[in-house]
Amino acid sequence: KAGVTQTPRYLIKTRGQQVTLSCSPISGHRSVSWYQQTPGQGLQFLFEYFSETQRNKGNFPGRFSGRQFSNSRSEMNVSTLELGDSALYLCASSLWGILAGEVNEQFFGPGTRLTVL
Amino acid sequence: GQQVMQIPQYQHVQEGEDFTTYCNSSTTLSNIQWYKQRPGGHPVFLIQLVKSGEVKKQKRLTFQFGEAKKNSSLHITATQTTDVGTYFCAGQGGANSKLTFGKGITLSVRP
């Protein structure tokens, strides 16, 4: 089975611009979660989508948004970029919610490294 | 909101020494997971614990879930250089609730 893929892998933007990141989950996984990883802050949860619906949301400003398509692929968008948005953005897919009570293993993609200048 | 804490953030050990790290949640958890991230890599799932007092072993790694389901530990016996990386715990409060990650502990092993 192919793993989680994320595109692009690297991105350089300037302050004020917007960016869209893409994530393709493992086939059959309907849950996709997004995390922001910065040095010293660990993985901060952005949001989770399940069957095209946002099921959980973290504590990020409204500039961060996402969506999920019928084929479970997901995108996240960051508008009006700030320097502090520079980070590794990780997407993870799982069977979470399909196999209730089972192991909710998150399968992470390689991430998109976003640099804001 | 739910907080998951891992302290300290860095630990250095001599190869062959044992290593233990702890994870504490501000609220009772339905389950806790552990992940390992190698330098330059992405987090990889290690284990999920669900039951109060549960203990699971994977070769030299031993994971435990506290009786009150608010804390967990990871113990590595006789560390090896292949154990280097950042270990994250992640807790889930209830069914379908979000997974909250700790900040992780970065382990370095001196050969």
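Line order of the protein sequences matches chains A and B.
Under the working numbering, the first residue of the first sequence carries the number 1, and numbering increases by one thereafter.
Under the working numbering, the first residue of the second sequence carries the number 1001, and numbering increases by one thereafter.
Glycine is no exception: its CB is placed at the ideal position from the N, C-alpha and C atoms.
Residue from the options with nearest C-alpha to residue i
i              : options                           : result
residue 26/A   : 106/A, 52/A and 8/A               : 106/A
residue 1019/B : 1047/B, 1062/B, 1002/B and 1033/B : 1062/B
residue 88/A   : 40/A, 31/A, 111/A and 50/A        : 111/A
residue 109/A  : 91/A, 40/A, 85/A and 39/A         : 91/A
residue 61/A   : 36/A, 12/A and 41/A               : 36/A
residue 1087/B : 1003/B, 1025/B, 1043/B and 1002/B : 1043/B
residue 1060/B : 1070/B, 1077/B, 1040/B and 1047/B : 1077/B
residue 16/A   : 117/A, 81/A and 68/A              : 81/A
residue 1057/B : 1050/B, 1075/B and 1069/B         : 1075/B
residue 1071/B : 1046/B, 1023/B, 1094/B and 1050/B : 1023/B
residue 50/A   : 10/A, 94/A, 78/A and 41/A         : 94/A
residue 78/A   : 70/A, 28/A, 52/A and 13/A         : 13/A
residue 1096/B : 41/A, 56/A and 76/A               : 56/A
residue 52/A   : 40/A, 42/A, 59/A and 70/A         : 70/A
residue 1110/B : 1085/B, 1090/B, 1054/B and 1092/B : 1085/B
residue 1048/B : 1038/B, 1034/B, 1040/B and 1041/B : 1034/B
residue 40/A   : 1053/B, 1001/B, 1006/B and 1002/B : 1006/B
residue 1040/B : 9/A, 83/A and 66/A                : 9/A
residue 96/A   : 29/A, 19/A and 6/A                : 29/A
residue 1100/B : 1016/B, 1050/B, 1038/B and 1025/B : 1025/B
residue 1014/B : 1082/B, 1091/B, 1054/B and 1045/B : 1082/B
residue 103/A  : 1046/B, 1069/B and 1073/B         : 1046/B
Enclosing beta strand (DSSP E) for residue i [first to last residue]
i              : result
residue 34/A   : 31 to 38
residue 58/A   : Premise fails: residue 58/A is in no beta strand (DSSP E) and is neither H nor E.
residue 1012/B : 1010 to 1014
residue 1102/B : Neither: residue 1102/B is in no beta strand (DSSP E) and is coded neither H nor E.
residue 1048/B : 1044 to 1049
residue 2/A    : Element bounds for residue 2/A: n/a, residue is neither H nor E.
residue 1027/B : Premise fails: residue 1027/B is in no beta strand (DSSP E) and is neither H nor E.
residue 103/A  : It is not in any beta strand (DSSP E) - residue 103/A carries neither H nor E in the DSSP assignment.
residue 21/A   : 19 to 24
Cross-strand partners of residue i (DSSP beta bridge)
i              : result
residue 1075/B : 1020/B and 1062/B
residue 1057/B : 1062/B
residue 1069/B : DSSP, once it has assigned bridges, lists no residue as partnering residue 1069/B.
residue 68/A   : 74/A
residue 1032/B : 1049/B and 1091/B
residue 1086/B : 1037/B and 1106/B
residue 13/A   : 116/A
residue 48/A   : 33/A and 56/A
residue 90/A   : 35/A
residue 42/A   : 38/A
residue 7/A    : 22/A
- Cβ contact (3+ pairs, closer than 8 Å) linking the stretch 1018 to 1034 of chain B and the stretch 1056 to 1072 of chain B: yes
- Item | Interface residues of the stretch 1083 to 1094 of chain B facing chain A [CB-CB below 9 Å] | 1086, 1088, 1090 and 1092
- chain B contacts made by the stretch 34 to 48 of chain A, where a contact means CB separation under 9 Å: 35, 37, 40, 41, 42, 43, 44, 45, 47 and 48
- Task: Pull out every residue of the stretch 1050 to 1077 of chain B whose Cβ sits closer than 7 Å to any Cβ of chain A, in chain order.
- Result: none
- Message: Within 8 Å, do at least three Cβ pairs link the stretch 1001 to 1015 of chain B to the stretch 1101 to 1110 of chain B?
- Response: yes
- Query: Using 8 Å as the Cβ pair cut-off and three pairs as the minimum, do the stretch 37 to 50 of chain A and the stretch 13 to 26 of chain A touch?
  - Reply: no
- Can you list, in chain order, the residues of the stretch 57 to 69 of chain A whose Cβ is nearer than 9 Å to any Cβ on chain B? 57, 58 and 59
- Query: Taking a cut of 8 Å between CB atoms, which residues from the stretch 1097 to 1110 of chain B lie near chain A?
  - Reply: 1097, 1098, 1099, 1100, 1101, 1102, 1103 and 1104
- Residues of the stretch 2 to 15 of chain A with Cβ closer than 8 Å to any Cβ of chain B, in chain order: none
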